[in-house]
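Shown next, in structure tokens, is the structure this report addresses.
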Amino acid sequence: MEKVTFEELDADNNPGGGEESARRVGEALGTEDVGLSYYELDAGQNLSGGVHTHMDQEEIFYVLDGTLTFRTLDGDVEVEGGEAVRFAPGDFQQGKNESDESARLLGIGAPKPSTDVRVPQPCAACGESDTLRFVPGDGGMELQCPECGETHEMPG
């Protein structure tokens, strides 16, 4: 058995490009099959760097307090304190605190780790895929077509 207190954990920057700080609760507890993170977002902050999906992981976000707006390909979904939202593998989303107040939430992902993260961007080289996969490259993360393997520039 392991036990931690959120306040004891160091806050780190989100490797997914979000502006928030995260406390990696699952890592501190030594979880092997599920990820658990505690997030605090100030007004206007994003949970990730952009709309994305995990093809190999489902995600659940439980909002402790405040309000988060999740941008999806089907429209925005507002989640308030005491509510949870689930994204299945392949569901594109990006969470943002669009309110004037801070928000706190828990993020749960399973199975852990996720190794197939994609953005809704078609491959200009082959036209066979409507998503591109994040892969490590020489200068950081790159986008790669899962069909033809062609790498593409990161947006922004």
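Quick note on my numbering: the sequence shown kicks off at 1210 and runs consecutively.
Glycine included, each C-beta is placed from N, C-alpha and C at the ideal position.
All of these numbers come straight from a predicted model, not from anything done at the bench.
- In this structure, Thr1262 sits away from Gly1235, with a CB-CB distance that is not shorter than 8 Å.
- Here DSSP, grouped into helix, strand and coil, assigns Phe1215 to helix.
- By the C-beta density criterion, Ser1257 is buried, having at least 16 other C-beta atoms within 10 angstroms.
- Taken in chain order, the complete beta strand (DSSP E) segments of 3 or more residues contained in the region 1249-1322 are 1267-1274, 1276-1281, 1284-1289, 1293-1296, 1302-1305, 1312-1319.
- For the pair Ser1311 and Gln1353, the Cα-to-Cα distance works out to about 35 Å.
- Assigned with DSSP and collapsed to three states, Gly1336 falls in coil, not helix or strand.
- About 7 Å separates the CB atoms of Lys1305 and Arg1280; that is less than 8 Å, so the two are in contact.
- Beta-bridge pairing by DSSP links Arg1232 to Tyr1247.
- Using a Cβ distance threshold of 8 Å, Ser1338 and Pro1345 do not count as a contacting pair.
- Just so you know, the alpha carbons of Gln1254 and Val1294 end up roughly 18 Å apart.
- Rounded to whole angstroms, Gly1349 and Arg1342 show a C-alpha spacing of 14 Å.
- For Leu1245, the closest of Asp1325, Pro1320, Ala1333, Thr1340 by C-alpha to C-alpha distance is Pro1320.
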